[in-house]
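Scroll down for the structure; my scribbles are underneath it.
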Amino acid sequence: MKLLSLMRRQRALLNCAPIRADQSVERSMRAAISRVDGAADFISQQNFDRAVARVVRLIPIPAESAEWFSEKDLVPASRWTWKKMMRNPAVLAISIAVAVIAGVFVFNFLSNLNDFPASATARKLLGTAASTRPVMLDPVNAEAGTLSDLFFMKYGLEHYDVPAEFADFGTIGCRVFEDDESRRIAQIWVAEKRMQLFLFPAERDSKTGAVMRFPGWRYVHQEGWTGAVTEHSGVCFMAAIRGRDKDLEPYVATPKK
Amino acid sequence: MLGDSRKAQEVFHATLREAAQGAAHGELPSEPFWLFREARWRCLEATKNDLQPETVEIDEHDLCAAAASQIEQLDPVQLAIWISAAPDPQRSALALFYLDEFDYREILDLAELKLNELSRLLARGRRQLQAWLDAKFPRPGHA
Chain A
45 MKLLSLMRRQ RALLNCAPIR ADQSVERSMR AAISRVDGAA DFISQQNFDR AVARVVRLIP
105 IPAESAEWFS EKDLVPASRW TWKKMMRNPA VLAISIAVAV IAGVFVFNFL SNLNDFPASA
165 TARKLLGTAA STRPVMLDPV NAEAGTLSDL FFMKYGLEHY DVPAEFADFG TIGCRVFEDD
225 ESRRIAQIWV AEKRMQLFLF PAERDSKTGA VMRFPGWRYV HQEGWTGAVT EHSGVCFMAA
285 IRGRDKDLEP YVATPKK
Chain B
9 MLGDSRKAQE VFHATLREAA QGAAHGELPS EPFWLFREAR WRCLEATKND LQPETVEIDE
69 HDLCAAAASQ IEQLDPVQLA IWISAAPDPQ RSALALFYLD EFDYREILDL AELKLNELSR
129 LLARGRRQLQ AWLDAKFPRP GHA
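Listed in order, the protein sequences are those of chains A and B.
Every letter in the first sequence is one number past the one before it in this note's numbering, and letter 191, counting from 1, is 235.
Every letter in the second sequence is one number past the one before it in this note's numbering, and letter 132, counting from 1, is 140.
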């Protein structure tokens, strides 16, 4: 039924086929013409139409009216302009789609510009920091730097060392927990600006198993929290604070010996 | 459309006058074919009170290979009269189509027709014109 209707439409289009071969036609007309290209009936129709059109052009126009017409076309071809093209719904829709795709691409590019190995874990831990309450940690009143021994003796965590920059801070509490990938995370709450410190295994190359190292301190941000992350001996350390980079910069700018 | 140069000139001037007045008042329609639409309506209006063609069954013949040479023998004015004698909307369809200035979508818009209507009108017009040509310039061996 659909085929029949399609054939009827094509037949109808052919009856209205342009007289001049050089006339621009839209796609459905072009398709209909190409299907019957060379068919005797269609050639005969085209010859007929051309002959009639030639005679029609010879129909005399009163001189008084004829002077209104120049050699120009009766219907001037519409001029192509950027403004007009941009108003075309198809062009508009494509432009918007491209703009959205480009926007997403740029957003992802900028988001990942400062990425480093362990940045994804660090962001997750910033979420953990935001939701942690003091009662969730075991109370510990000591210097942060001394907890390395506790982590090693009690939990068997090697190299879970707090960097010298944060080692002198007095602690409020600490805990060791496993994240959703069964990695063991050490969390320390210190009194200094209610900062939280995290120690967690560095990312490893999935093929070689080698630690993916990165130099110095890197910043991550999540939900109003900022973390300064560094890696040492296959363990990452992150100092997390509710605030911005400038709140952490004084602590990491001048490393203590 | 009218088959009468005097009437055609009157319609032409009336249409232009209307356009000039519209332009003077800044009221020209923005759509591109309003002038042709206006002219067509004026043509139909001008012939409304004329003698109307009788509704008779007109012969129809299949297009033949010799049609082009038959058409060449036609007097252009005779062809104009033949087209103008057709009942509308066939007259509009034939006039606009053979003017060879519009594509079929523009004709559909101007003559307010649907594709299958325009197709039918043109196909029938060709066959009727062929029958008229055959009557006027008989083909050898064609009854």
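Backbone N, C-alpha and C fix where the C-beta goes; we use that ideal spot for every residue, glycine too.
Cβ of residue i within 8 Å of any chain A Cβ
{"i": "B:L87", "result": "yes"}
{"i": "B:I79", "result": "yes"}
{"i": "B:L10", "result": "no"}
{"i": "B:A139", "result": "no"}
{"i": "B:R99", "result": "no"}
{"i": "B:A119", "result": "no"}
{"i": "B:A22", "result": "no"}
{"i": "B:L36", "result": "no"}
{"i": "B:R134", "result": "yes"}
{"i": "B:L107", "result": "yes"}
{"i": "B:S92", "result": "no"}
Range of the contiguous beta strand (DSSP E) that encloses residue i
{"i": "A:V234", "result": "R228 to V234"}
{"i": "A:I216", "result": "T215 to E222"}
{"i": "A:Q266", "result": "R262 to Q266"}
{"i": "A:T270", "result": "W269 to H276"}
Rounded straight-line distance, which links the Cα of residue j to that of residue i
{"i": "A:I87", "j": "B:A74", "result": "12 Å"}
{"i": "B:I66", "j": "B:R135", "result": "10 Å"}
{"i": "A:I285", "j": "A:E222", "result": "21 Å"}
{"i": "A:K290", "j": "A:M180", "result": "28 Å"}
{"i": "A:T176", "j": "A:P207", "result": "22 Å"}
{"i": "A:N91", "j": "B:I79", "result": "10 Å"}
{"i": "B:L104", "j": "A:V144", "result": "45 Å"}
{"i": "B:S38", "j": "B:A31", "result": "11 Å"}
{"i": "A:A146", "j": "A:L170", "result": "29 Å"}
{"i": "A:S192", "j": "A:I140", "result": "55 Å"}
{"i": "B:D111", "j": "A:E70", "result": "10 Å"}
{"i": "B:P95", "j": "A:W126", "result": "44 Å"}
{"i": "A:A137", "j": "B:A119", "result": "32 Å"}
{"i": "B:F145", "j": "B:D70", "result": "15 Å"}
{"i": "A:K128", "j": "B:L43", "result": "22 Å"}
{"i": "A:P178", "j": "A:E202", "result": "25 Å"}
{"i": "A:A75", "j": "A:Q54", "result": "8 Å"}
{"i": "A:S68", "j": "B:I89", "result": "30 Å"}
{"i": "A:N132", "j": "A:V142", "result": "15 Å"}
Status (buried if at least 16 other CB within 10 Å, exposed otherwise) for residue i
{"i": "A:M45", "result": "With a pLDDT of only 48 at A:M45, under the threshold of 50, the placement of this residue in the model should not be trusted, and no figure is reported."}
{"i": "A:S163", "result": "buried"}
{"i": "B:K122", "result": "exposed"}
{"i": "B:L130", "result": "buried"}
{"i": "A:I103", "result": "buried"}
{"i": "B:M9", "result": "buried"}
{"i": "A:V135", "result": "exposed"}
{"i": "B:Q29", "result": "exposed"}
{"i": "A:V100", "result": "buried"}
{"i": "A:D66", "result": "exposed"}
{"i": "B:E35", "result": "exposed"}
{"i": "B:A143", "result": "exposed"}
{"i": "A:Y199", "result": "exposed"}
{"i": "A:L157", "result": "exposed"}
{"i": "A:M239", "result": "buried"}
{"i": "A:P106", "result": "exposed"}
Short CB-CB distance (under 8 Å) between residue i and chain B
{"i": "A:P62", "result": "yes"}
{"i": "A:N156", "result": "no"}
{"i": "A:F92", "result": "yes"}
{"i": "A:I103", "result": "yes"}
{"i": "A:S78", "result": "no"}
{"i": "A:Q67", "result": "yes"}
{"i": "A:A83", "result": "no"}
{"i": "A:V96", "result": "yes"}
{"i": "A:Q89", "result": "yes"}
{"i": "A:M45", "result": "The pLDDT assigned to A:M45 is 48, lower than 50, so where the model puts this residue is not dependable; a value taken from the coordinates is nonetheless given after this. No, its Cβ sits nowhere closer than 8 Å to a Cβ of chain B."}
{"i": "A:V144", "result": "no"}
{"i": "A:P106", "result": "yes"}
Same chain, Cβ closer than 7 Å to residue i, five either side skipped, listed in chain order
{"i": "A:A174", "result": "E267 and W269"}
{"i": "A:R248", "result": "A254, V255 and M256"}
{"i": "B:S13", "result": "none"}
{"i": "B:R50", "result": "V19, A22 and T23"}
Unbroken alpha helix (DSSP H) run spanning residue i, endpoints
{"i": "A:R74", "result": "R71 to R79"}
{"i": "A:F244", "result": "Per DSSP, A:F244 belongs to no alpha helix (DSSP H); it is in the beta strand (DSSP E), Q240 to P245."}
{"i": "A:R286", "result": "Element bounds for A:R286: not the alpha helix (DSSP H) but the beta strand (DSSP E), V279 to R286."}
{"i": "A:P133", "result": "P133 to L157"}
Neighbourhood of residue i by C-beta, 6 Å cutoff - its chain only, sequence neighbours within 5 removed
{"i": "A:M73", "result": "L57"}
{"i": "A:A230", "result": "F195, Y204, V220 and L243"}
{"i": "B:A54", "result": "K15 and V19"}
Near the ligand FAD: residue i beta-carbon under 7 Å from a heavy atom
{"i": "A:A284", "result": "This structure simply doesn't include the ligand FAD, nor any ligand for that matter."}
Close-in-space but distant-in-sequence residues of the same chain around residue i (CB under 8 Å, 5 per side omitted)
{"i": "B:E68", "result": "R132, R135, Q136, Q138 and A139"}
{"i": "A:T215", "result": "V184, N185, A186, E187, A188, L191, I232, W233, V234 and A235"}
{"i": "A:F160", "result": "F258, R262 and V273"}
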